[in-house]
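Residue numbers (the working numbering): 929 to 1367. Okay, so here's the structure we're looking at.
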Amino acid sequence: MNQKTIAVIGAGPAGLFAAKTLAENNIRVCLFNRDVRPGGLAEYGIYPEKYILKAGLRRQFLSFLEHENISYFGNVEIGDGKDFSLSQLQTMGFNGILVTAGAQKIKKLDLEGETIPRVYHAWEIVSKYNELPPYSQMEYPIGKKVVIVGVGNVMADIARYLLHKDGVEEILAVARRGPAEIKFHQTEFAHIAQNLDRADFEKEMERVTPLMLKLGQDPNDTWAFIEKACENCEDTRSKTNLRLRFLKSPTRFLGNETDGLQGVEFIENTLIEENHSTKTIATSLKTIFDADTAILAVGSSVDDEIGLPVKKYEFTVSPYPDYPQDGISFELFDPQTQKNIPGIFVAGWSRLASYGLVGISGKDGVKGAQAVLEYLQDHGKPLDWEELELQIRHSKKMVIDKKMVGNLLSIEAKIAEREGLAEYKFPTNQEMLTAIGIC
């Protein structure tokens, strides 16, 4: 049977919602995923104890995969030097490619000392406690005094994890902006609010209040936000001290390869109004905080090995889209030719790295799929997708299909029930493949 066929790269929320949208419009979808199991951010980015939320998302995503127009190819990497390159997929005859592979690379700050021991990126720690291979098998030693750079929901999740980590005595979360620009949600902060050093927070608020008032910001709003979170806080049963600092950006990490991290130097910032928003301006004042561990919760970068042009931390999205959706471009732009790259689209975190959580990423995937649908109205002819899929499966061993995914989840559920656990996940790809009998 011939049908217009799209390759969707990445089976996280954006990719799954995009695949569903395309499939419902009679487009054949080959959904490629680097990981064995689908889910991406929903599977490996949500705090592990949110069992009900994660279980609900798994059921929803599995229902998407059941659509007859979607074929799943798990354990398959796309990119230069990987199982398939983008140019190979194009040569195979796909009518278009939608990249929804997220932002899977570490966003480096390029600061002095960033590579010394016990300086980590948030992605490493989150992937470790969510058991994403290969991070699940790596060791990330944590000391007594931890500095987290960044004050968003990821910080809140990591702090929640650290509260129950043996030996952690102090967590210092440092924000580049002020209290009025807090990025974490109240519900997320409630999980760590009990450990907030209130006396220390009062002093910090006293320090930044004059600047807030100068900018027309009300410190009482910040206090109300924190108080509400504290009212709904959970009993952490942890004695770890949590402190917050505002208006500081890291400038270097102090230590050496032998002893590891010993401190983090920050430069003081101030804020100015610009275009109805606030902008940070660095001052000349610097501060050093003692720390033996630093975690950078500053977002992630797209994977430059996929084979698309990258500028800084993101793919080069076209400023002149032919198929915009609500004024947003989902098309790629080649800086060398100064032209759009025909037939290749991006959505989710591959379009805008680290933007939004599962719901926002899923909606972005839908819009990306709609851009692809408009493109397909004028481009491409139906092709023999069965022959195409056979070619893919014969090109690589140990390709996971959607039936195998269902079997894997069923096996893990039985283990969890037998062991009296809320959830169980195999920590390595090898164990997953062995469990479903293909390795």
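For each residue, glycine too, the CB sits at the ideal point set by N, CA and C. Please read these numbers as outputs of a predicted model, since none were measured by experiment.
| Query | Result |
| --- | --- |
| Exposed unless 16 or more other CB atoms sit within 10 angstroms - verdict on His1092 | exposed |
| Alpha-carbon spacing of Ala1299 relative to Asn954, whole angstroms | 15 Å |
| Proximal residues to Pro976 (C-beta, below 7 Å), its chain only, five neighbours per side dropped | Tyr1057 and Asn1058 |
| Val1102 beta carbon less than 8 Å from that of Arg1180 | no |
| Buried/exposed call for Glu1089, threshold 16 Cβ in 10 Å | Reading off the sequence shown, one finds Tyr at residue 1089, where the question assumed Glu. Buried, by the Cβ-count rule. |
| From Leu990, Gly1095, His1204 and Ala947, residue whose alpha carbon lies closest to that of Leu1337 | Leu990 |
| Exposure label - Gln1264; buried when at least 16 CB within 10 Å | exposed |
| Range covered by the beta strand (DSSP E) that runs through Asn1058 | No beta strand (DSSP E) contains Asn1058, which DSSP labels as neither H nor E. |
| DSSP-derived helix/strand/coil call for Glu1302 | helix |
| Delimiting residues of the alpha helix (DSSP H) encompassing Leu969 | Leu969 to Tyr972 |
| Of the residues Glu1201, Ile1195, Tyr1048 and Asp1218, the one placed nearest Ala1210, counting alpha carbons only | Ile1195 |
| Which of helix, strand or coil DSSP assigns to Thr1179 | strand |
| Close-in-space but distant-in-sequence residues of the same chain around Glu1132 (CB under 7 Å, 5 per side omitted) | Leu1172, Arg1173 and Phe1174 |
| Distance, Pro1045 Cα to Asp1163 Cα | 32 Å |
| At least three beta-carbon pairs within less than 8 Å, the region 947-967 to the region 980-995 | yes |
| Residues near Gly1188 by beta carbon distance below 7 Å, same chain, minus five either side | Ile1044, Pro1045, Arg1046 and Asp1220 |
| Cys958 in three-state terms, based on DSSP | strand |
| Gly1106 - containing beta strand (DSSP E), residue span | Gly1106 -> no beta strand (DSSP E), and no H or E assigned at all. |
| Contact set for Tyr1063: own chain, Cβ-Cβ below 7 Å, skip 5 residues either direction | Glu1052, Ser1055 and Lys1056 |
| Where His1204 falls, given that 16 or more other Cβ within 10 Å makes a residue buried | exposed |
| Contacts around Ala942, its chain only, beta-carbon distance under 6 Å, and the 5 residues preceding and following it disregarded | Thr1028, Ala1275, Gly1276, Ser1289, Asp1292 and Gly1293 |
| Extent of the continuous beta strand (DSSP E) to which Thr1215 belongs | Ser1205 to Asp1218 |
| Segment contact, 8 Å Cβ cut-off, at least three pairs: the region 1078-1085 with the region 1112-1124 | yes |
| Supposed contact pair Ser1229 and Lys1035 - C-beta distance, whole angstroms, cut 8 Å | 4 Å |
| 6 Å Cβ shell around Leu1060 - same chain, five flanking residues per side excluded | Tyr972 |
| Residue range of the unbroken beta strand (DSSP E) whose run includes Leu1091 | First-last for Leu1091: Asn1081 to Leu1091, but that is the alpha helix (DSSP H), not the beta strand (DSSP E). |
| Segments of 3+ residues assigned as beta strand (DSSP E) that fall wholly inside the region 1255-1330 | 1259-1262 and 1267-1274 |
| Helix, strand or coil at Ile998 [DSSP, three-state] | strand |
| With 16 other Cβ atoms within 10 Å as the buried cut-off, status of Asp963 | buried |
| Residue from Gly1106, Ala1297 and Asp1329 whose Cα sits closest to the Cα of Ile1200 | Gly1106 |
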